[in-house]
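Participant: Those letters in the sequence shown? Residues 0 to 232, per numbering that gives the first Met the number 0, in order. Have a look at the structure that comes next, please.
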Amino acid sequence: MGSKRAPFIVIEGLDRSGKTTQTALLQGRLEREGIPNKLLKFPDRTTTIGQMIDSYLKSASELDDHVIHLLFSANRWELASTIEKLLAEGVTVIADRYAFSGIAFSASKVESSASDPGTTIPKLPFEWCRAPDIGLPAPDEVLFLDIAPEQARLRGGYGEERYEKEEMQARVRQVFQHLGEETSSEKPQSERLAPGTKWTVIDAGKERDAVAENMWASVQSLVRGGLTQPVWK
Ligand code: Z5A
Numbered sequence: 000m001g002s003k004r005a006p007f008i009v010i011e012g013l014d015r016s017g018k019t020t021q022t023a024l025l026q027g028r029l030e031r032e033g034i035p036n037k038l039l040k041f042p043d044r045t046t047t048i049g050q051m052i053d054s055y056l057k058s059a060s061e062l063d064d065h066v067i068h069l070l071f072s073a074n075r076w077e078l079a080s081t082i083e084k085l086l087a088e089g090v091t092v093i094a095d096r097y098a099f100s101g102i103a104f105s106a107s108k109v110e111s112s113a114s115d116p117g118t119t120i121p122k123l124p125f126e127w128c129r130a131p132d133i134g135l136p137a138p139d140e141v142l143f144l145d146i147a148p149e150q151a152r153l154r155g156g157y158g159e160e161r162y163e164k165e166e167m168q169a170r171v172r173q174v175f176q177h178l179g180e181e182t183s184s185e186k187p188q189s190e191r192l193a194p195g196t197k198w199t200v201i202d203a204g205k206e207r208d209a210v211a212e213n214m215w216a217s218v219q220s221l222v223r224g225g226l227t228q229p230v231w232k
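Printed below as a string of structure tokens:
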């Protein structure tokens, strides 16, 4: 049997679903358990690519939809070897958003249909959105913080950033649900979106500590036990 590596856990969800709150609580729990860990946040706005993304999200610059999608993916590739190194060293990696957000947000962009102006069609095909992230280290578990956009809005309303609009968030939620089905389906592993990833839906509408407990219940055996299989790609 090979040596053990640490698990890679991704927290996904809509805007205001509590990702920042819950990743901090999960990290605190790992610290108290004495489990080495590293928290990453995507987009990582500190890199040169991340600064271009930040400027776009704040509407300080305009970019073609294909370009911003590829920049989000490149921002993950910048950290791919770091993630693999940390896992090999036994450091549990928690990521606040990852490739699933990349697909969900870009695939939710729509425009008016030329043939039927009353309807909308996707600007970017789903498979095209998925392609640039193929080959990235894949998480062992995704905790999807699920909340209705109407409930999320009550948490202070959407802010100033580009995608923080209720119709967009509702489409994003639908794509996330589709990604969850593709990830946890009974399909052969070769046909699945992320072959070794477990997709867990967490009710993010509950009180903070209850959400944290449910997340911990889902990942505790993973983070305590370590893994022998290589990082999924
Ligand atoms: N994006 C993309 O398009 N492509 C990509 O590849 C990636 C991202 C990676 C920026 O993401 C945008 O980038 C995002 C997706 C897109 N656009 N949108 N929308 P971000 O992660 O930097 O920003 P965000 O998702 O907008 O994060 P957020 O607003 O900070 O939300 P959050 O982290 O999920 O929630 P929070 O800060 O923990 O909590 C929000 C509020 O709710 C706060 O007042 C809390 O105190 C409160 N809260 C938290 N939990 C609870 C509970 N349980 N009950 C009541 N109140 C709560």
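We treat Cβ as the ideally placed atom computed from N, Cα and C, and that holds for glycine.
1) Using a Cβ-based criterion (distance less than 8 Å to any ligand heavy atom), does SER105 qualify as near the ligand Z5A?
2) Give me the Cα-Cα distance between PRO35 and ARG223, rounded to the nearest whole angstrom.
3) May I have the straight-line CA-CA distance separating ILE233 from PRO187, to the nearest angstrom?
4) GLY142 bridges to which residues according to DSSP?
5) Tell me which residues share the same chain as GLU149 and place their Cβ nearer than 8 Å to its Cβ, disregarding the 5 neighbours each side in the sequence.
6) Look up SER111 in the DSSP assignment and give the residues it is bridged to.
7) Give me the Cβ distance between SER293 and VAL171, rounded to the nearest whole Å; I'm assuming they're in contact under 8 Å.
8) In the DSSP assignment, find the unbroken beta strand (DSSP E) run with LYS186 in it and report its ends.
9) Just the C-alpha distance for ILE82 and ARG154, rounded to the nearest angstrom, thanks.
10) Classify VAL230 as helix, strand or coil using the three-state DSSP reduction.
Facilitator: The short version:
1) Reading the sequence shown from its first residue, position 106 is the one you call residue 105. Result yes, Cβ under 8 Å from the ligand Z5A.
2) Mapped onto the sequence shown, residue 35 falls at position 36. Mapped onto the sequence shown, residue 223 falls at position 224. For PRO35 and ARG223, the distance between alpha carbons rounds to 11 Å.
3) Missing from the structure shown is residue 233; the chain here goes from 0 to 232 and no further.
4) Numbered from 1 along the sequence shown, position 143 holds the residue referred to as residue 142. The sequence given here places Leu at residue 142; Gly does not occur at that position. Partner(s): ILE10 and THR199.
5) One-based indexing of the sequence shown puts residue 149 at position 150. Here the set comprises GLU165.
6) In the sequence shown, residue 111 corresponds to position 112, counting from 1. Partner(s): THR119.
7) The requested residue 293 does not occur in the structure, where the chain is confined to residues 0 to 232.
8) The residue given as residue 186 occupies position 187 in the sequence shown. For LYS186, no beta strand (DSSP E) encloses it, and the DSSP letter there is neither H nor E.
9) To locate residue 82, count along the sequence shown from 1; it is residue 83. To locate residue 154, count along the sequence shown from 1; it is residue 155. Straight-line Cα distance between these residues: approximately 32 Å.
10) Counted from its first residue, the sequence shown places residue 230 at position 231. Note: VAL230 maps to coil in three-state DSSP.
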